[in-house]
Amino acid sequence: MATDRWATDQDDEGADKALERLSSHHIHPVLLDFLEDVDTAEGGYGVVRRARLHHVDVPLDDKVTFKLITQDEKHYVVPAERPKLEKLVSTFFPQYKQHLVTHSEDVAVKGLMFFSHVALSRMKRRFVREILVWLQFDHPNVLPLLGFHLDFRQSIAWFVSPWGTYGSISDYVAKKDPKISSDEVLRLLEGTAKGLAYLHNHNPTVCHGDIKAANVLVGSKRQALLCDFGLATMVDGESAGLQTSYSFKGSIRWCSRELLDTGQRTGSSDIWAWGFLVYEVITGKVPFQDVPGQVAVMRRILDGELPTAKETPEFDGAAPLWDLVQWCWSAEPGDRPTINECLLTLQPLLKARHS
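Going by the working numbering, the sequence shown opens with residue 227, and the numbers climb by one from there.
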């Protein structure tokens, strides 16, 4: 699906028309059953909650209020207020029929935070823009978008995607499960590179803009999945998502020198951040973990004071991987590898371990 050109900067009418075209991806809220007593995650500009997504055989009318009921061990979605002469009405108005839940799955629901200083019309445009960009992606190492729910009258804007069964890549590796071998860590890192290569080789090219371990999930097949496209940027420089000061917060430790200088996210700044993603996974530490405060971190980055081999014994015995990380941290963006070159470096390491 090509990105609609209105998505750069248009009015509410353009956003509403796009939402009409995206109606097949809209998820009625009755189909989302939020799970209690489970962890939530907060970051950037949203809160992620776990839910069960129920699937029915036909789209539900947003203008009708439904409820979920159980009969004979089967789940149904029915109108909250059943009309009189139900059989007659359901014959002429299919939206009033009961719908069988065919299957259910665990999903992640990211709800955007609403800030008083951000106009709702602006949020709507950028919310739709992110949907348009995200729906273009189809790759085994990129988290798919299952759908969305939007109701600005209730301050609701949800992205719905598959649940990351094993959490983030850093959490998964940090569990130190004996089943998690060095081979698997390399395979997961290769998956992150493949996902990023898909974005960088996409037409038009997409810069992720917020590469870090927290934005890589491990799926049900133990595969790496890039997620969170709130700061994704098209090749023409148009932001795909909601860039506010809140979006930038928390990611400074992964920022390249030129990104701090200009605020312009590029493929090269993705590569810098991907080098730190590898650092996170191997060492179990976030960048500059022992440096308190973002100002001090920015000073370290701008002064070129980056982690050294002496400070990272976890890379002992993995010199080619450490060399790759340092290449990603080249001061000049043009001196950094492309993500395809990163893959060419990683793949022989995997083959060597199996030879």
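Where is the CB? At the ideal position from N, CA and C, for every residue including glycine.
- [ ] Check whether the Cβ atoms of Ala485 and Arg491 sit closer than 8 Å, and answer yes or no.
- [x] The residue asked about is misnamed: residue 485 is Leu in this sequence, not Ala. Cβ atoms of Leu485 and Arg491: closer than 8 Å.
TODO: Determine the extent of the beta strand (DSSP E) in which Phe260 is found, giving its start and end residues.
DONE: Leu258 to Phe260
- [ ] Please state if the CB of Gln324 and the CB of Val303 are separated by a distance shorter than 8 Å.
- [x] yes
- [ ] Indicate the three-state DSSP secondary structure (helix, strand or coil) for Gln208 in the structure shown.
- [x] The question about residue 208 has no answer, for the chain in this structure spans 227 to 581.
Task: Contact check, Leu422 vs Trp500, beta carbons under 8 Å - done: yes
TODO: Assign Thr418 to buried or exposed, taking buried as 16 or more other Cβ atoms, counted over all protein chains shown, within 10 Å of its Cβ.
DONE: buried
Task: Per-residue DSSP class, three states only, for Ile395 - done: helix
Open item on the list: Threshold first: 4 residues or longer. Then list the alpha helix (DSSP H) segments lying entirely within the stretch 340-367, N to C.
Closed with: 346-360
TODO: May I have the straight-line CA-CA distance separating Val354 from Thr534, to the nearest angstrom?
DONE: Whole-angstrom Cα-Cα distance: 42 Å.
- [ ] Express the C-alpha separation of His280 and Glu299 in angstroms, rounding to a whole number.
- [x] 15 Å
Task: Cβ pair count under 8 Å reaching 3, the stretch 494-512 against the stretch 546-564 - done: yes
Task: Limits of the unbroken beta strand (DSSP E) element including Trp384 - done: Ile382 to Pro388
Open item on the list: Judging by CA-CA distance, which residue of Thr564, Asp516 and Val282 is the nearest neighbour of Cys433?
Closed with: Thr564
Task: Length of the line joining the Cα atoms of Tyr424 and Ile295 - done: 42 Å
Task: C-beta contact flag for Val368 and Leu503 at 8 Å - done: no
TODO: Could you tell me whether the Cβ atoms of Phe260 and Ala277 are closer together than 8 Å?
DONE: yes
Task: Touch test, the stretch 380-394 against the stretch 440-449, Cβ-Cβ under 8 Å, three pairs minimum - done: yes
Task: Leu412 and Leu569 closer than 8 Å at C-beta - done: no
Open item on the list: Quick check on Leu582: does DSSP put it in helix, strand or coil?
Closed with: What is shown of the chain runs 227 to 581, which leaves residue 582 out entirely.
TODO: Just confirm the distance between the C-beta atoms of Leu326 and Val282, as a whole number of angstroms; I'd bet it's less than 8 Å.
DONE: 7 Å
Task: Contact belief for His329 with Ile253 at Cβ below 8 Å, rounded distance in angstroms - done: A Cβ-Cβ distance of about 15 Å is found for the pair His329 and Ile253, leaving them out of contact under the 8 Å criterion.
Open item on the list: Counting C-beta neighbours from all protein chains within 10 Å, is the total for Leu371 16 or more, i.e. buried, or is it exposed?
Closed with: buried
Open item on the list: Going by the DSSP bridge assignment, what does Asp332 pair with across the sheet?
Closed with: Arg278
TODO: Would you give the residue range spanned by the beta strand (DSSP E) that Lys293 belongs to?
DONE: Annotation for Lys293: the continuous beta strand (DSSP E) segment containing it runs Phe292 to Gln297.
TODO: Check each candidate in Ser408, Pro559 and Val521 and name the one with the smallest Cα separation from Gly543.
DONE: Ser408
Task: Which listed residue (Gly510, Glu356 and Gly272) has its alpha carbon closest to that of Leu248 - done: Glu356
Task: Counterpart residues of Leu422 in DSSP-defined beta bridges - done: Leu422 pairs with nothing; no bridge assigned.
Open item on the list: My parser needs the alpha helix (DSSP H) runs of 4 or more residues fully inside the stretch 508-533; what are they?
Closed with: The stretch 508-533 contains, as complete alpha helix (DSSP H) runs of 4+ residues, the segments 520-528 (chain order).
Task: Distance between Phe378 and Lys243 (C-alpha atoms, nearest Å) - done: 16 Å
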